[in-house]
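Visitor:
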Amino acid sequence: MKRPVQKRRRELYFDVLWIISIYFLIFSYSEGANSYTLCEVATVPYYVCLLFSIFSRFPLWLCLMISGALLLDEDESIMDIWKKRISRLSVILLIASFGYYINEVLAHREEFDLTSFIPDLYSRDQIPQFWYLYAYLGFLICLPFLRPMVKNMRNSVFLYLIAAVFILSSILPLIDSRILLDRYSLNPNMKLEWLNNVIFIYPLMGYFFHNRLQQEVCKKIAPLLIAIDLVWMIYYVYMQAMSGVSVGNYDMHPSYHSPVTMLHCVTLFITAKAYFSKREKSKCQRCIGSFGGCSLGIYLLHGFFINGRIEAIERIRLMLGGDIQNGRAVFAGFLWALIVYLICFMITWLIRRIPGMKRLTL
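Okay, so the sequence shown: first residue is 179 according to the working numbering, each after it adds one.
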């Protein structure tokens with residue numbers, strides 16, 4: 179007998195991770211993540227804002243880890259995957275992209291032309307954050323062979339894989355740039371780029387940490403990971419600052435593929451599992467479950483409220499301090515991200531009350 183598809187979604191720490199991911203997604207794609215550009219360079223506010231900016235670049239990678247933990251242990255036929263998962267996500271992608279496209283048309287930033295919309299839907303994202311939906315579709319297509327792979331891998335092989343990816347994606351590039359000064363780099367044929375593909379390594383890590391790593395182990399290693407992650411972030415800020423000195427330009431945007439991203443995701447996932455695994459029938463946990471259950475809807479809607487797409491909302495952002503300078507800018511960014519999150523949550527919560535709409539927002 180097949181297990182219910184949604185059974186594992188009720189893990190409390192999954193809901194906590196969904197909430198953290200979507201909130202910092204909003205922060206990272208709004209002006210808050212760029213607040214360091216509003217600070218005087220090489221000052222304490224500049225470094226603090228840069229630190230927050232670097233930290234916030236993990237959300238969608240963490241979402242892929244949650245997806246791997248949820249889906250890689252299930253048993254479904256290829257037909258069921260296409261009928262129940264891929265088709266549903268394709269409909270969501272189509273509706274959401276069309277909604278943003280119509281908004282651009284009504285704002286006179288685009289002309290209505292389906293002959294351009296459909297090719298764009300195939301080849302690019304209507305908003306930058308939608309790359310995750312395309313990556314998630316790719317992950318779903320790969321489920322039939324990823325599932326038997328992970329179920330037959332020993333724990334030592336998982337650890338070897340994670341270590342290999344971290345070395346190839348983080349340690350070796352750091353050595354190439356800081357020690358070898360980019361005069362030498364690893365032979366392209368040895369870089370094993372398929373290991374670093376986000377729809378491969380992040381879902382596999384999520385599966386491993388969820389299904390193979392005990393909560394007691396997570397509690398033991400979580401403090402160490404938090405300390406290492408903090409030190410790594412501080413060092414990354416230092417490297418960014420030194421690069422700014424060398425080229426005379428401090429307004430550099432931290433890369434989405436920075437070496438800290440993987441460490442952030444691992445640290446957050448293990449810490450959440452260590453301290454939020456126990457589910458109880460309490461009002462607080464029901465509230466967490468409600469917010470976590472609306473995560474997809476919040477993710478789909480938040481783009482309407484950032485980056486000035488709606489003029490009235492943009493005026494509210496400015497009233498709340500969206501154009502203030504120096505260190506206070508990052509705190510205005512956190513406040514604005516919270517407001518957008520709550521607005522999108524309320525809209526999603528209402529939509530889910532409509533019969534037949536719950537599956538499109540969960």
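Glycine included, each C-beta is placed from N, C-alpha and C at the ideal position.
1. On the three-state DSSP scale, how would you describe Ser-255?
2. Indicate the three-state DSSP secondary structure (helix, strand or coil) for Lys-369 in the structure shown.
3. Exposed or buried, what is Lys-451 when buried is set at 16 or more other beta-carbons lying within 10 Å of its beta-carbon?
4. Can you tell me which of Tyr-362, Phe-336, Lys-369, Ile-517 puts its alpha carbon nearest to the alpha carbon of Arg-390?
5. Within a Cβ cutoff of 7 Å, which residues of the same chain sit near Thr-445, ignoring the five residues on either side of it in sequence?
6. Might you give, ordered along the chain, the residues of its own chain that have their beta carbon closer than 8 Å to the beta carbon of Arg-457, omitting 5 neighbours on each side?
7. Once you ignore the five residues that flank Gly-534 on each side, which residues in its own chain have a CB closer than 7 Å to its CB?
8. Excluding the 5 residues preceding and the 5 following Leu-250 in the sequence, name in chain order all residues of the same chain whose CB lies nearer than 7 Å to its CB.
9. From Asn-365 to Ile-377, what does the alpha carbon distance come to, in whole angstroms?
10. Counting Cβ pairs closer than 8 Å, one from the segment 361-375 and one from the segment 224-231, do we hit at least three?
11. Tell whether a beta-carbon distance below 8 Å holds between Ile-244 and Tyr-519.
12. Counting Cβ pairs, one atom from each stretch, are 3 or more of them under 8 Å apart for the segment 271-284 and the segment 230-246?
13. Looking at C-alpha atoms only, which residue of Leu-478, Pro-351, Ala-247, Val-415 is the closest neighbour of Phe-233?
14. Taking Ile-476 and Phe-509 to be in contact with their CB atoms under 8 Å, please state how far apart those CB atoms are, rounded to whole angstroms.
15. Between the Cα of Met-383 and the Cα atoms of Gly-316, Arg-531, Ala-341, Phe-512, which residue gives the shortest distance?
16. May I ask which residues mark the beginning and end of the alpha helix (DSSP H) holding Glu-282?
17. Hey, quick one: how far does the alpha helix (DSSP H) through Ser-199 stretch, first residue to last?
18. Indicate the three-state DSSP secondary structure (helix, strand or coil) for Leu-364 in the structure shown.
19. Quick check on the burial criterion: 16 or more other C-beta atoms within 10 angstroms. Buried or exposed for Thr-293?
20. Going by the beta-carbon positions, is the gap between Ile-197 and Ile-466 smaller than 8 Å?
21. Measure the C-alpha to C-alpha separation of Phe-202 and Phe-230 and round it to an integer number of angstroms.
22. To the nearest angstrom, report how far apart Ile-484 and Ser-334 are at their CA atoms.
23. In terms of residue numbering, what span does the alpha helix (DSSP H) encompassing Asp-291 cover?
24. Is the Cβ-Cβ distance between Leu-216 and Ala-419 less than 8 Å?
25. Give me the Cα-Cα distance between Lys-262 and Gln-393, rounded to the nearest whole angstrom.
26. Kindly indicate if chain D contains any beta-carbon less than 8 Å away from that of Leu-474.
27. Can you find the residues in the same chain that come closer than 7 Å, C-beta to C-beta, to Ile-532, ignoring five residues on each side of it along the sequence?
28. How is Thr-526 classed by DSSP in three states: helix, strand or coil?
29. Taking 7 Å as the cut-off, is the beta-carbon of Asp-407 closer than that to any non-hydrogen atom of the ligand MG?
30. Within the continuous alpha helix (DSSP H) that includes Leu-249, where are the two ends?
31. Just to confirm, is the Cβ distance from Ile-204 to Ala-400 under 8 Å?
32. Enumerate in chain order the residues of its own chain whose CB-to-CB distance from Ile-448 is below 8 Å, with the five nearest sequence positions on each side excluded.
33. DSSP state of Leu-513, grouped into three classes?
Guide: Quick look at the numbers:
1. Residue numbering aside, residue 255 sits at position 77 when the sequence shown is read from its first letter. Ser-255: coil per DSSP, three-state reduction.
2. Position 191 of the sequence shown, counting from 1, holds the residue named residue 369. Lys-369: coil per DSSP, three-state reduction.
3. Looking up residue 451 in the sequence shown gives position 273. With 16 or more other Cβ atoms within 10 Å, it is buried.
4. As a first step, residue 390 is located in the sequence shown; it is residue number 212 there, counting from the start. Of Tyr-362, Phe-336, Lys-369, Ile-517, the residue nearest in Cα terms is Phe-336.
5. Along the sequence shown, read from residue 1 onward, the residue named residue 445 stands at position 267. For Thr-445, where only same-chain residues beyond five positions count, the Cβ hits under 7 Å are Leu-403, Ile-404, Asp-407.
6. In the sequence shown, counting from the first residue as 1, residue 457 sits at position 279. Excluding sequence neighbours, Arg-457 sits near Arg-188, Glu-189, Leu-190, Gln-463.
7. By one-based count along the sequence shown, residue 534 stands at place 356. If we look at Gly-534 and ignore the five residues flanking it on each side, it has no Cβ neighbours.
8. Mapped onto the sequence shown, residue 250 falls at position 72. Excluding sequence neighbours, Leu-250 sits near Leu-324, Arg-325, Val-328, Pro-381, Tyr-385.
9. Position 187 of the sequence shown, counted from the first residue, corresponds to residue 365. Position 199 of the sequence shown, counted from the first residue, corresponds to residue 377. About 24 Å.
10. no
11. Translated into the one-based positions of the sequence shown, residue 244 becomes position 66. Translated into the one-based positions of the sequence shown, residue 519 becomes position 341. Taking 8 Å as the Cβ cut-off, Ile-244 and Tyr-519 do not qualify as a contacting pair.
12. no
13. Here residue 233 corresponds to residue number 55 of the sequence shown, with the count starting at 1. Among Leu-478, Pro-351, Ala-247, Val-415, the Cα nearest to that of Phe-233 belongs to Val-415.
14. By one-based count along the sequence shown, residue 476 stands at place 298. By one-based count along the sequence shown, residue 509 stands at place 331. Contact doesn't hold; Cβ gap of about 22 Å is too wide.
15. Here residue 383 refers to the residue found at position 205 of the sequence shown. Nearest of Gly-316, Arg-531, Ala-341, Phe-512 to Met-383, Cα basis: Ala-341.
16. For the purposes of this step, residue 282 is identified with residue 104 of the sequence shown, where counting begins at 1. Note, Glu-282: alpha helix (DSSP H), 265-284.
17. On the sequence shown, residue 199 is found 21 positions in, with the first residue counted as 1. It spans 190-207 - the alpha helix (DSSP H) in which Ser-199 sits, taken as one unbroken run.
18. Here residue 364 corresponds to residue number 186 of the sequence shown, with the count starting at 1. Coil.
19. Taking the first residue of the sequence shown as 1, we reach residue 293 at position 115. Counting Cβ neighbours within 10 Å, Thr-293 comes out exposed, since fewer than 16 surround it.
20. Taking the first residue of the sequence shown as 1, we reach residue 197 at position 19. Taking the first residue of the sequence shown as 1, we reach residue 466 at position 288. Yes.
21. Along the sequence shown, one-based indexing puts residue 202 at 24. Along the sequence shown, one-based indexing puts residue 230 at 52. Phe-202 and Phe-230: Cα-Cα distance of roughly 10 Å.
22. Along the sequence shown, one-based indexing puts residue 484 at 306. Along the sequence shown, one-based indexing puts residue 334 at 156. Each residue's alpha carbon lies about 44 Å from the other.
23. Within the sequence shown, residue 291 is the residue found at index 113, counting from 1. Per DSSP, Asp-291 belongs to no alpha helix (DSSP H) and is neither H nor E.
24. By one-based count along the sequence shown, residue 216 stands at place 38. By one-based count along the sequence shown, residue 419 stands at place 241. No, they are not a contact pair.
25. Translated into positions along the sequence shown, residue 262 becomes position 84. Translated into positions along the sequence shown, residue 393 becomes position 215. Distance between the alpha carbons of Lys-262 and Gln-393 is about 32 Å.
26. Protein chains in the displayed structure number just one, and chain D is not present.
27. Taking the first residue of the sequence shown as position 1, residue 532 is located at position 354. Hits under 7 Å: none found.
28. Working through the sequence shown from its first residue, we reach residue 526 at position 348. Reduced to three states, the DSSP call for Thr-526 is helix.
29. For the structure depicted, the ligand MG is absent and the ligand set is empty, with no information on it obtainable.
30. Position 71 of the sequence shown holds residue 249. Residues 237-249.
31. On the sequence shown, residue 204 is found 26 positions in, with the first residue counted as 1. On the sequence shown, residue 400 is found 222 positions in, with the first residue counted as 1. In this structure, Ala-400 does not lie closer than 8 Å to Ile-204 by Cβ.
32. Here residue 448 corresponds to residue number 270 of the sequence shown, with the count starting at 1. These residues qualify, in order along the chain: Phe-387, Leu-391, Cys-396, Ile-399, Ala-400, Leu-403.
33. As a first step, residue 513 must be located in the sequence shown, where it is residue number 335. Leu-513 falls in the helix class under three-state DSSP.
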